[in-house]
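Report on the structure given below.
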Amino acid sequence: MANRLADAISPYLRSHAENPVDWWPWGEEAFAEAARRDVPVLVSIGYSTCHWCHVMARESFSDPALAATLNAQFVAIKVDREEHPDVDASYMAAASAFTRNLGWPLNVFVTPGGRPFYAGSYFPPRPVSGMPAFAGVLTAVTNAWTLRRGAVTETADAVAAALAASAAAGSAQGDDAGPGTGPSAKRRIGAPALADAVARMAALEDPRFGGFGTPPEFTDPKFPVAPVLGFLLEQPGAGAALGARTLKVMGASPLRDPVEGGFFRYSTRRDWGDPHYERMLYDNAMLLDAAVRVWQNDGGNGQNAGWATKLSDALAGFLLDVLRLPNGAFASAQDSESTLGGQRSEGGYYALDELARALVAPPALDEKVLSGWNGLAIGALARAGTALRRPDWVEGARAAAEQLLALHWRAGDDRAGDAHSLGGRSLARASLGARVSSAPATLEDYGMLAGGLLALATATGEAGYAVTARELVDACLEAAASSRLPFAVPGGAEPLLAAQGLALELDAAEGAYPSGLSAIGTAAFELYLLGGERGYLDAAEQAVALVGPAAAERPLAYGALLTLAARLQRPVVQLVSVVTDPVATDAVVADAAQAEALLDAARGSAASVALSLAVTESQAAAFADAGFELFAGRTARGGAAASYLCEQFVCRLPVTDAAALTALLQRAPGTDPGTDPESEERGR
Numbered sequence: 213m214a215n216r217l218a219d220a221i222s223p224y225l226r227s228h229a230e231n232p233v234d235w236w237p238w239g240e241e242a243f244a245e246a247a248r249r250d251v252p253v254l255v256s257i258g259y260s261t262c263h264w265c266h267v268m269a270r271e272s273f274s275d276p277a278l279a280a281t282l283n284a285q286f287v288a289i290k291v292d293r294e295e296h297p298d299v300d301a302s303y304m305a306a307a308s309a310f311t312r313n314l315g316w317p318l319n320v321f322v323t324p325g326g327r328p329f330y331a332g333s334y335f336p337p338r339p340v341s342g343m344p345a346f347a348g349v350l351t352a353v354t355n356a357w358t359l360r361r362g363a364v365t366e367t368a369d370a371v372a373a374a375l376a377a378s379a380a381a382g383s384a385q386g387d388d389a390g391p392g393t394g395p396s397a398k399r400r401i402g403a404p405a406l407a408d409a410v411a412r413m414a415a416l417e418d419p420r421f422g423g424f425g426t427p428p429e430f431t432d433p434k435f436p437v438a439p440v441l442g443f444l445l446e447q448p449g450a451g452a453a454l455g456a457r458t459l460k461v462m463g464a465s466p467l468r469d470p471v472e473g474g475f476f477r478y479s480t481r482r483d484w485g486d487p488h489y490e491r492m493l494y495d496n497a498m499l500l501d502a503a504v505r506v507w508q509n510d511g512g513n514g515q516n517a518g519w520a521t522k523l524s525d526a527l528a529g530f531l532l533d534v535l536r537l538p539n540g541a542f543a544s545a546q547d548s549e550s551t552l553g554g555q556r557s558e559g560g561y562y563a564l565d566e567l568a569r570a571l572v573a574p575p576a577l578d579e580k581v582l583s584g585w586n587g588l589a590i591g592a593l594a595r596a597g598t599a600l601r602r603p604d605w606v607e608g609a610r611a612a613a614e615q616l617l618a619l620h621w622r623a624g625d626d627r628a629g630d631a632h633s634l635g636g637r638s639l640a641r642a643s644l645g646a647r648v649s650s651a652p653a654t655l656e657d658y659g660m661l662a663g664g665l666l667a668l669a670t671a672t673g674e675a676g677y678a679v680t681a682r683e684l685v686d687a688c689l690e691a692a693a694s695s696r697l698p699f700a701v702p703g704g705a706e707p708l709l710a711a712q713g714l715a716l717e718l719d720a721a722e723g724a725y726p727s728g729l730s731a732i733g734t735a736a737f738e739l740y741l742l743g744g745e746r747g748y749l750d751a752a753e754q755a756v757a758l759v760g761p762a763a764a765e766r767p768l769a770y771g772a773l774l775t776l777a778a779r780l781q782r783p784v785v786q787l788v789s790v791v792t793d794p795v796a797t798d799a800v801v802a803d804a805a806q807a808e809a810l811l812d813a814a815r816g817s818a819a820s821v822a823l824s825l826a827v828t829e830s831q832a833a834a835f836a837d838a839g840f841e842l843f844a845g846r847t848a849r850g851g852a853a854a855s856y857l858c859e860q861f862v863c864r865l866p867v868t869d870a871a872a873l874t875a876l877l878q879r880a881p882g883t884d885p886g887t888d889p890e891s892e893e894r895g896r
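For the sequence shown, our numbering assigns the number 213 to the initial residue and increments by one for each residue that follows.
The structure is reproduced here in structure tokens:
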């Protein structure tokens with residue numbers, strides 16, 4: 213039996229390499245083998261830190277008898293959902309036709325042509341609580357394939373048709389959004405809809421233990437729902453208070469490890485107890501953003517500032533001390549299980565104090581580096597480092613970005629017909645060490661990495677990061693030029709899924725982290741804030757309009773999209789502070805105190821303006837030369853730092869006094885600087 217997984221990029225696949233199951237990786241060869249043998253295919257999807265994936269691997273995929281059945285009657289494919297999220301999304305959508313208990317491991321039985329005809333999640337070795345034994349499932353599927361092939365084919369065709377219809381519906385929404393002309397009025401998410409979304413979330417709040425669930429019992433598993441917290445914290449009044457209250461409760465609950473700082477993936481109990489102990493990069497990056505937003509909303513000195521600062525410190529520490537790899541990038545996750553006393557333990561490591569942990573090996577990291585998730589971490593650390601004056605956090609973000617740009621943003625091979633080549637470059641989805649996965653990047657990779665680079669450009673004042681972010685967003689705009697959607701993945705859908713007719717053209721729903729649509733739409737909006745190019749704003753508005761008011765009706769499923777919708781509703785107020793370039797002498801700059809006071813006032817504005825950043829004069833010139841209109845003509849004044857407060861790219865005359873800037877900021881939102889006699893012309 214060939215061992216096809218031993219050299220995989222995915223740690224999850226390599227963990228199955230020694231199974232007696234004759235596993236194949238995702239690819240055309242496995243389906244061709246199934247066609248040659250005329251047997252069905254088992255597509256088994258999971259990820260490295262998934263608890264029940266580990267359980268099923270030990271109980272079933274390590275069982276020689278079950279493996280013999282699989283090898284004789286099926287072709288078995290093992291997929292890492294984090295390496296191939298598009299494969300997971302398509303098969304998860306198909307699986308919903310067969311079970312409501314969706315999750316991982318996801319086990320889907322498909323024809324040699326890739327069409328699903330039966331699916332389930334975890335199957336135990338023996339029947340338990342209504343769940344059939346895995347051996348019985350294999351027997352039933354085999355019997356259906358050999359004795360009732362017509363019914364199997366009919367089911368598979370019906371599921372494929374349903375997926376195609378869903379894709380067509382997404383495209384129809386794209387038509388309604390009106391590419392090139394902005395979204396139609398009926399699909400906009402206005403202030404009343406946003407307020408309704410806040411009210412819906414408030415109705416789901418657990419009044420006893422905090423967090424969100426189904427009233428009145430609130431016994432559902434509780435997740436951090438970081439995208440929803442981000443949306444709530446963008447809202448005034450009750451929304452922001454609900455978001456802060458929820459984050460504070462979670463931060464003090466068993467959902468977070470008090471020693472190393474990170475949040476676990478979810479809790480199985482209403483009181484946040486008995487968590488599933490895997491710790492994900494995306495959760496902790498977005499929750500760092502949420503903690504910093506609480507601090508900003510509180511003005512940095514209110515009743516929430518203290519705990520928000522401590523939580524930010526803990527989360528940044530977890531990212532940099534636990535998940536950061538030697539090359540500067542971030543691992544995808546940390547496992548839930550460890551080995552204690554020679555036994556596998558679920559969560560046992562996290563019951564130990566700091567001294568005891570030093571004596572045992574920590575749970576393993578999934579060292580797979582993902583472009584999108586690293587983009588979330590880069591952005592969160594850059595924003596947090598700027599707000600809380602932690603240049604070491606910004607440098608951590610920079611190191612990760614440099615590693616991603618060196619390894620994942622690669623020279624394409626146009627001669628080989630690389631479908632994902634963008635002007636000689638292509639984005640990779642994943643890597644392990646120095647090896648890059650062949651899995652194509654997804655829309656979330658382009659959007660999240662672009663967003664992280666834009667945050668880093670804002671934090672460092674280095675225009676080059678913004679230029680690369682623009683290249684990533686432009687590539688997705690260009691890829692959608694012939695479609696009815698605002699954005700598309702360069703190179704098209706995952707090739708095998710596309711060939712099988714299973715590719716989802718649009719997957720806008722969100723779970724634990726933003727969808728590709730939300731991520732790329734947000735990055736486009738942030739590019740608009742820097743450069744004023746209307747096309748980016750139109751594309752962001754179209755992204756929101758693709759889902760429309762349905763997002764406000766289901767806020768748990770669209771937190772990041774609602775955050776973007778909220779940002780689109782607010783006045784575009786921008787603040788650019790320009791300081792003189794450092795001089796290569798030992799002389800103390802006389803106006804250093806003035807500059808620092810001005811920048812302090814600017815930092816305090818972050819929650820009330822759409823964009824705030826500080827740059828040197830040469831950095832402002834570099835942004836302007838790169839085509840970012842906001843920076844044209846922005847200089848220090850007479851050797852003193854100067855701040856430019858702009859609304860919709862129309863800027864007031866610069867101020868050099870912190871008190872004057874504070875006074876302007878207090879009345880900036882909603883004002884019309886175009887009618888102010890002390891305003892400059894746009895772009896001057």
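All residues carry an ideal CB built from backbone N, CA and C; glycine is no exception.
No experiment lies behind these values; they were computed from the predicted model shown.
Express the C-alpha separation of residue j and residue i in angstroms, rounding to a whole number.
i, j, result
"Val498", "Tyr303", "Checking the displayed sequence, the identity of residue 498 turns out to be Met instead of Val. In a straight line, the C-alpha of Met498 is about 27 Å away from that of Tyr303."
"Cys858", "Gln546", "43 Å"
"Asp219", "Leu552", "28 Å"
"Leu644", "Ala502", "29 Å"
"Leu616", "Asp250", "42 Å"
"Gly449", "Ala411", "12 Å"
"Pro328", "Gln712", "11 Å"
"Met268", "Leu278", "12 Å"
"Ala833", "Phe243", "55 Å"
"Val791", "Leu532", "30 Å"
"Val800", "Pro794", "Below a pLDDT of 50, predicted positions are generally treated as unreliable, and Val800, at 43, falls in that range; no measurement from the model is reported."
"Lys463", "Ser272", "What sits at residue 463 in the sequence shown is Gly, not Lys. Answer to the nearest angstrom: the Cα atoms are 37 Å apart."
"Arg399", "Phe476", "36 Å"
"Val716", "Ala247", "In the sequence under discussion, the amino acid at residue 716 is Leu, which differs from the Val named in the question. Cα-Cα distance, rounded: 24 Å."
Using the rule of at least 16 other Cβ atoms within 10 Å of the residue's Cβ for burial, across every protein chain shown, is residue i buried or exposed?
i, result
"Glu429", "exposed"
"Asp469", "buried"
"Met213", "exposed"
"Ala764", "buried"
"Leu907", "This structure cannot settle anything about residue 907, because the visible part of the chain is limited to 213 through 896."
"Ala818", "buried"
"Asp486", "exposed"
"Asp884", "The pLDDT assigned to Asp884 is 40, lower than 50, so where the model puts this residue is not dependable; a value taken from the coordinates is nonetheless given after this. Under this definition Asp884 is an exposed residue."
"Leu571", "exposed"
"Thr672", "buried"
"Ala700", "buried"
"Glu579", "buried"
"Gln878", "exposed"
"Gln831", "buried"
"Thr261", "buried"
"Arg312", "exposed"
"Asn355", "exposed"
"Ala373", "exposed"
According to DSSP, which residues form a beta bridge with residue i?
i, result
"Gln546", "Arg491 and Leu577"
"Ile862", "A small correction: the amino acid at residue 862 is Val; Ile does not occupy that position in the sequence shown. BP columns for Val862 point to Glu859."
"Gly258", "Asp292"
"Ala623", "Arg637"
"Met343", "Val340"
"Tyr770", "DSSP output for Tyr770 lists no bridge partner at all."
"Ala854", "Val790"
"Thr551", "Arg556"
"Gly332", "Asn319"
"Tyr478", "His488"
Would you mind giving the Cβ-Cβ distance between residue i and residue j, rounded to the nearest angstrom? I have them listed as a contact below 8 Å.
i, j, result
"Trp235", "His228", "6 Å"
"Leu665", "Leu741", "About 14 Å separates the two Cβ atoms, so there is no contact after all."
"Ala735", "Ala813", "Not a contact, Cβ separation roughly 28 Å."
"Leu588", "Tyr494", "6 Å"
Query raised in the report: How about the region 358 to 370 and the region 336 to 343: do they share at least three Cβ pairs that are nearer than 8 Å?
Result: With the cut-off at 8 Å, the region 358 to 370 and the region 336 to 343 do not touch.
Report task. Mind the definition here: the region 437 to 448 touches the region 755 to 774 only if three or more C-beta pairs lie below 8 Å; say whether that holds. Result -> yes
Query raised in the report: Is there contact here, the region 458 to 475 with the region 521 to 529, by at least three beta-carbon pairs under 8 Å?
Result: yes
Requested in this report: Please determine if the region 447 to 463 and the region 405 to 422 are in contact, where contact requires at least 3 C-beta pairs separated by less than 8 Å.
Outcome: yes
Query raised in the report: Do three or more CB pairs link the region 652 to 662 to the region 720 to 740 at distances below 8 Å?
Result: yes
Query - Three CB pairs or more closer than 8 Å across the region 430 to 437 and the region 475 to 482 - result: yes
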